[in-house]
Amino acid sequence: MSIGGGSSTLSDVGEDWVLAYIQRRLGAPHSPLLGRGDDATAFRYSGVLVLSTDMLVEDTDVPPGMSWEQVGRKAVVAVVSDLAAKGAEPLYILTSLGLKPSMLIQEFEELWRGLETGCREYGISIVGGDTNQCDSVVISVAGVGRADNGLIPRSGARPGDILATTGMFGETAAGLHALLNNIRENYGLIESVLNPRARLKEGRELARSGVVSSCIDSSDGLARSLIQLANASRVGFEIDNIPVSEAVERYAADNRLDPLSLALYGGEEYELVFTVKQDGIDMLSRRLAAMGSRLIILGRVIEDAGVIRAYYRGKWHDVIEGGWEHFKR
C-alpha cells in the first residue's frame, strides 16, 4: 500500500502511524525538559503566561470550498487572535485532533500542513497534543503566550474612552453567503473566509502603548463582541461609524442583503475591538499606521451600562444580541 496517496484512509494505517507522523514534525520548546513524544511537554519560564483555547468542528466551521490546509491554518488563527486581544505574544500550541477513520491520508497531511503554515506565520511551535476518533473532524488548539508588555482585559473601559477597531466588518459574512450559495460575483470577499488573519502585531502594540483600557477579538461578530465588552466593563457604547467596505455594500445591493446586519452579526473577522483613553488616541493611531495597520474610530464609551446604539445611513439602531453562539438556533 502506498501511504499518503490515492484512496488510503486513516483506518488503513491506524493511530500509531498518525502519532509517528506528528512526532516527526513537532517542534520543541526553547528550553525542553522532556523529549518529543513524552506524556507532556515542559519548559522553564519566568514571567506572565497567557493561555487560551479554541475549537474548530468540521460540521459547523468548515464552509464549502475550504481546503483542509486552510482549515488547519484557521484553527491556529483563531487561538492566536484570542491571545492578540490580550496583547500577548504566542509561544506554543498543543493541538488535539478528532479524526474520522474514513479521512484520506492525503487530507490529514493537508490538515497538518495547514497547522504548520499557521504556526510559521505567527512564530509558534507545536509542542504536543492528542488524537482520537470522531464522526466529524474536530481540531482543538490550546495556545500558550507571554505578556511582557502587560495584559489588556475586557473590563477596563471607562466613560469618555474612544471605541475603536483594527479593520472592516461584514466581509466574512458576505463571503460565507457567496460560498454557501455558489455566487461567483463576490468581489473577492470569500478570501476573508478561507484565509483569515489574526491581528497579532496590532495586539502587541496596543499592549505596549499603555493607553488601551479594554479589548476583545471579534470572532463571534461585532455586535456580540460589543455586548460582551460593554457587560464586562459595565458601560455602554455610542457608535457613529460602522466600517463597512465598498465591496460589502456592492455585494449586499446585488443580493438584497442588509450591509448593517452583515457587519454586526456575521462574525469571524478576527479584528480587535478596543477602547482607548482620549489623550492616547492620536499616539496610538500613529503607531499603528507606522506598522502598516490602521485604527478606525467607531464611537465612544458612555455611562449607560449595556446600552449600545449605532448610527448608520441616517438612522440610529439598537445593537442587540446576535452573532455566533454555539447550541443556539
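Per our numbering, residue 14 is the first one in the sequence shown, and the count goes up by one each step. Just so it is clear, CB atoms sit at the ideal spot from N, CA and C, and this is done for glycine as well. Here the structure is a predicted model, which is why all the values come from computation and not from measurement.
Residue range of the unbroken beta strand (DSSP E) whose run includes residue i
i: G163; result: Premise fails: G163 is in no beta strand (DSSP E) and is neither H nor E.
i: V225; result: V225 to D230
i: P272; result: Where P272 is concerned, there is no enclosing beta strand (DSSP E), although the alpha helix (DSSP H) it sits in stretches over P272 to Y278.
i: L62; result: L62 to V70
i: L176; result: I175 to T178
i: I196; result: Where I196 is concerned, there is no enclosing beta strand (DSSP E), given that its DSSP letter is neither H nor E.
i: A323; result: I321 to Y325
Range of the contiguous alpha helix (DSSP H) that encloses residue i
i: G216; result: L213 to S222
i: A299; result: Checking the displayed sequence, the identity of residue 299 turns out to be Arg instead of Ala. Counting along the chain, the alpha helix (DSSP H) containing R299 begins and ends at I294 to A303.
i: Q291; result: Unbroken run through Q291: none, as it is neither H nor E.
i: G84; result: Checking the sequence shown, residue 84 turns out to be Val, not Gly. Run containing V84: W81 to A98, per the alpha helix (DSSP H) assignment.
i: S306; result: Here S306 belongs to no alpha helix (DSSP H), and DSSP marks it neither H nor E.
i: D29; result: L23 to R38
i: V206; result: E204 to L207
For residue j and residue i, believed in contact at Cβ under 8 Å, the rounded distance
i: G312; j: L176; result: 5 Å
i: N244; j: G319; result: 7 Å
i: N254; j: I294; result: No, N254 and I294 are not in contact; Cβ-Cβ is about 14 Å, not under 8 Å.
i: L242; j: Y325; result: Contact doesn't hold; Cβ gap of about 19 Å is too wide.
i: E316; j: V248; result: 7 Å
i: S343; j: T108; result: The displayed coordinates of the chain run from 14 to 342. Any statement about residue 343 would go beyond what the structure contains.
i: V26; j: I106; result: At roughly 24 Å, the Cβ-Cβ gap does not stay under 8 Å, so V26 and I106 are not in contact.
Residue i, DSSP secondary structure in three states
i: E281; result: coil
i: I333; result: coil
i: M14; result: In this predicted model, M14 has a pLDDT of only 32, less than 50, meaning its place in the structure is not dependable enough to derive any value.
i: S149; result: coil
i: T185; result: helix
i: R237; result: helix
i: D267; result: helix
i: A243; result: helix
i: M131; result: The amino acid at residue 131 is misidentified as Met; the sequence shows Gly. In the structure shown, G131 sits in a helix (DSSP, three-state: H, G or I).
i: L112; result: strand
i: I255; result: coil
i: D74; result: helix
i: I315; result: strand
i: A55; result: coil
i: I118; result: helix
i: S20; result: coil
i: L124; result: helix
i: V154; result: strand
i: V140; result: strand
Beta carbon of residue i nearer than 7 Å to that of residue j
i: P114; j: L189; result: no
i: A98; j: N162; result: no
i: S231; j: S238; result: yes
i: Y278; j: A323; result: no
i: E28; j: W81; result: no
i: G327; j: V261; result: no
i: S153; j: M79; result: no
i: V63; j: C132; result: no
i: G158; j: A101; result: yes
i: I203; j: L193; result: no
i: L112; j: L23; result: yes
i: V93; j: A211; result: yes
i: R86; j: T130; result: yes
i: S65; j: L32; result: no
i: E218; j: R300; result: yes
For this session: Could you tell me whether the segment 168-175 touches the segment 132-149, using the rule of 3 or more Cβ pairs below 8 Å?
Result: Segments in contact, no.
Exercise. Any chance the segment 183-200 sits against the segment 135-142, with 3 or more Cβ pairs inside 8 Å?
Worked result: no
For this session: Evaluate contact between the segment 203-210 and the segment 284-293, counting only Cβ atoms and requiring at least three cross-stretch pairs below 8 Å.
Result: no
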